[in-house]
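Numbering (our numbering), first residue to last: 6 to 179.
C-beta: ideal position from N, C-alpha, C; glycine also.
Everything below concerns the one structure shown next.
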């Protein structure tokens with residue numbers, strides 16, 4: 006199976022927040038942002054897998070600042086780790102106020118996708134090769150996030166979560 010770099014999956018998407026995208030307070034609706042994030046992160050996963058993908062999980066979405074009517078939303082996504090057929094995609098979201106020339110990070114999140122073949126069966130994906138220190142850190146931590154997702158979904162027993170156990174034992178030792 007081929008190996009790919011995280012930068013090969015990098016995807017950036019921009020959206021202008023219009024009145025139809027906002028709530029009664031003039032802020033971007035969370036559901037609209039999640040929809041845009043799903044599109045952007047799916048494109049990153051498709052770049053990595055060279056195949057269609059389906060969303061498996063959405064987690065760790067943190068809303069740090071509201072995004073206002075008239076601001077431009079920039080979503081940056083790339084694969085942080087690939088497993089057998091699944092891929093974790095990390096996103097950072099920024100709000101740009103173009104007249105003021107400001108750019109503020111508003112959100113970050115992790116989505117998980119599974120690559121599928123022409124029969125909608127899971128398909129093996131290329132191994133991810135992290136290059137930068139940030140990519141290596143995200144890559145290493147992805148296994149812990151994956152184990153936690155599987156435990157919460159009832160697909161893994163806590164006793165089998167080796168990476169999470171190491172993290173907990175390490176934290177307890179300090």
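Going by DSSP, what residue range makes up the beta strand (DSSP E) through residue i?
i: residue 21; result: 16 to 21
i: residue 169; result: First-last for residue 169: 167 to 178, but that is the alpha helix (DSSP H), not the beta strand (DSSP E).
i: residue 30; result: Unbroken run through residue 30: none, as it is neither H nor E.
i: residue 134; result: 132 to 134
i: residue 9; result: 8 to 10
Give the DSSP bridge partners of residue i, in chain order.
i: residue 147; result: Beta-bridge pairing links residue 147 to no other residue.
i: residue 158; result: Per DSSP, none; premise fails for residue 158.
i: residue 73; result: 32
i: residue 117; result: 62, 93
Just to confirm my understanding: we take residue i, look at its own chain, exclude 5 residues before and 5 after, and list those with CB closer than 7 angstroms. What are they?
i: residue 87; result: 53, 130, 131, 132, 133
i: residue 155; result: 161
i: residue 91; result: 61, 117, 118, 119
i: residue 147; result: 85, 86, 93
i: residue 10; result: 134, 136
Quick one: give me the first and last residue of the alpha helix (DSSP H) that residue i is part of.
i: residue 42; result: 35 to 54
i: residue 62; result: Looking at the DSSP string, residue 62 is not in any alpha helix (DSSP H); the run it does join, the beta strand (DSSP E), is 58 to 68.
Using a Cβ cut-off of 8 angstroms (strictly closer), state whether residue i contacts chain B.
i: residue 133; result: Considering every chain present, this structure includes no chain B. It has just one protein chain.
In chain order, what residues of the same chain lie with their CB nearer than 6 angstroms to the CB of residue i, ignoring the 5 residues before and after it?
i: residue 111; result: 69, 70, 72, 98, 100
Does the stretch 123 to 136 come close enough to the stretch 51 to 69 that 3 or more CB-CB pairs lie under 8 angstroms?
Result yes; three or more Cβ-Cβ pairs closer than 8 angstroms.
Are the stretch 65 to 79 and the stretch 95 to 104 touching, with three or more C-beta to C-beta distances below 8 angstroms?
Of all C-beta pairs linking the stretch 65 to 79 to the stretch 95 to 104, three or more are shorter than 8 angstroms, placing the two stretches in contact.
Take every Cβ of the stretch 29 to 47, pair it with every Cβ of the stretch 115 to 125, and state whether three or more of those distances are shorter than 8 angstroms.
They touch, by the three-pair rule.
Please give the ranges of any beta strand (DSSP E) in the stretch 76 to 111, keeping only runs that are unbroken, at least 3 residues long and fully inside the region.
Within the stretch 76 to 111, the complete beta strand (DSSP E) runs of at least 3 residues are 77 to 87, 91 to 102.
Should the stretch 75 to 82 be called in touch with the stretch 9 to 25, which here means at least 3 C-beta pairs below 8 angstroms?
Yes, they touch.
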